[in-house]
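Just below is one structure, and these are the notes that go with it.
Number of protein chains: 2
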Amino acid sequence: MTEIEKTLESKTVRPTAMRILIYKYMADKEIAVALTDIENAFAKADRTTLYRTLKTFEEKGIVHQIDDGTNISKYALCEPGCNCELEQDLHLHFHCGNCEETVCLTEQKIPHINLPDGYIAEDANLVIKGICEKCSG
Amino acid sequence: MTEIEKTLESKTVRPTAMRILIYKYMADKEIAVALTDIENAFAKADRTTLYRTLKTFEEKGIVHQIDDGTNISKYALCEPGCNCELEQDLHLHFHCGNCEETVCLTEQKIPHINLPDGYIAEDANLVIKGICEKCSG
DNA sequence: ATAAAAAATGCACTTCCGTTGCACTAATAT
DNA sequence: ATATTAGTGCAACGGAAGTGCATTTTTTAT
């Protein structure tokens with residue numbers, strides 16, 4: 475039993491062949507991926523399967539969804555021990571206008587914001603747009 | 475010549491009947507609106523016109539686009555003197571999970587974030603999700 | 001005032017992504 | 001071995017963004 479299989483099982487997700495491949499694919503990539511990206515990487519597999527795999531991963535806390543402002547949902551593996559739903563674990567994302575890639579900046583947490591009276595915060599999403607380190611170099 | 479016409483002209487946008495109506499509609503609403511909302515409000519007008527009106531408004535700095543995580547682009551009028559493109563003018567947006575409405579919190583600016591070396595910030599988008607003041611009361 | 005040019009609007013159509021229903025297959029439990 | 005559940009594949013739908021072109025309206029120049 476591989477590391478990936480163990481990871482999936484620990485999150486109560488059955489480690490099927492397809493799921494292992496997708497997990498591997500995302501682990502190798504350092505950037506957030508869209509459903510389309512996975513589709514292209516696994517042309518033989520059906521879109522629905524990939525779609526539902528991502529949904530399952532998301533529900534089980536294996537990946538988190540990223541909304542980088544392109545109106546295309548991206549996904550990235552959660553760091554070990556990451557609790558995306560907790561406010562203090564919310565990191566920010568960077569979207570490069572040049573290469574169009576989106577990365578997690580897991581070290582940069584979203585600062586706490588004081589909201590006006592009556593507003594209750596439950597989640598936050600901060601995306602910085604600009605030029606990434608690869609493209610600015 | 476009305477106030478709205480003056481505003482549009484000052485941004486080098488011709489104050490056509492349609493544009494004035496759309497501007498008025500957005501000024502009356504206190505929340506960010508989607509293209510679909512405007513479509514429903516002006517059933518007689520063509521979607522393309524409304525679409526392009528928003529694009530024009532956006533280009534000319536009359537409205538700013540908001541990405542509230544619903545994957546539906548919203549738009550809101552810029553405050554007088556607002557310079558959306560400037561970092562210090564970036565306010566945050568609040569999306570209510572109950573009423574599904576998105577509002578600008580123009581008083582709450584996005585704090586400056588230190589990025590890792592090589593990353594150049596040009597724009598930022600911060601959306602807080604939760605329960606709005608109307609729904610929590 | 002009128003003709004020419006430019007801008008705005010409307011119509012039809014396309015594309016892309018997300019999503020769902022249903023049938024089929026594989027895995028697990030009894 | 002069979003019943004049950006989970007996963008996968010196929011087909012199709014729906015919403016929203018976007019584009020090309022014809023038509024109308026507005027502006028500009030004569």
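Just so you know, the sequences run in chain order A and B.
Per my numbering, the first sequence runs over residues 475 to 611.
Per my numbering, the second sequence runs over residues 475 to 611.
From the three backbone atoms N, C-alpha and C, an ideal C-beta is built for every residue, glycine too.
These numbers come from a predicted model, not from an experiment.
Relative to the alpha-carbon of residue i, which residue among the options has its alpha-carbon at the smallest distance?
i	options	result
A:Ala506	A:Tyr525, A:Thr522, A:Cys552	A:Cys552
A:Gln539	A:Cys558, A:Leu524, A:Arg521	A:Cys558
A:Glu532	A:Ile496, A:Ala515, A:Leu600	A:Ile496
A:Gly571	A:Thr544, A:Pro585, A:Ile584	A:Thr544
B:Thr481	B:Val537, B:Ser610, B:Glu504, B:Thr522	B:Val537
A:Gly535	A:Pro585, A:Arg521, A:Glu483	A:Glu483
B:Glu617	B:Gly611, B:Cys578, B:Arg521, B:Ile584	Lying outside 475 to 611, the shown extent of chain B, residue 617 of chain B is not represented and no answer is given.
For residue i versus residue j, is the C-beta spacing smaller than 9 Å?
i	j	result
A:Thr631	A:His569	The displayed coordinates of chain A run from 475 to 611. Any statement about residue 631 of chain A would go beyond what the structure contains.
A:Ser547	A:Leu509	yes
A:Gly555	B:Lys608	no
B:Leu564	B:Asp597	yes
A:Met492	A:Ala515	no
A:Leu600	B:Leu524	no
How close, in whole Å, do the beta carbons of residue i and residue j come, if the pair is a contact with beta carbons under 8 Å?
i	j	result
B:Ile512	B:Ile494	Wrong, their Cβ atoms sit about 13 Å apart, outside the cutoff.
A:Gln582	B:Ile587	6 Å
Buried or exposed: where does residue i fall if 16 or more other Cβ atoms within 10 Å of its Cβ makes it buried?
i	result
A:Asp542	buried
B:Thr527	buried
A:Ala517	exposed
B:Cys573	exposed
### Query
Are the segment 488-498 of chain B and the segment 589-604 of chain B touching, with three or more C-beta to C-beta distances below 8 Å?
no
*Cβ contact (3+ pairs, closer than 8 Å) linking the segment 539-554 of chain B and the segment 496-505 of chain B*: yes
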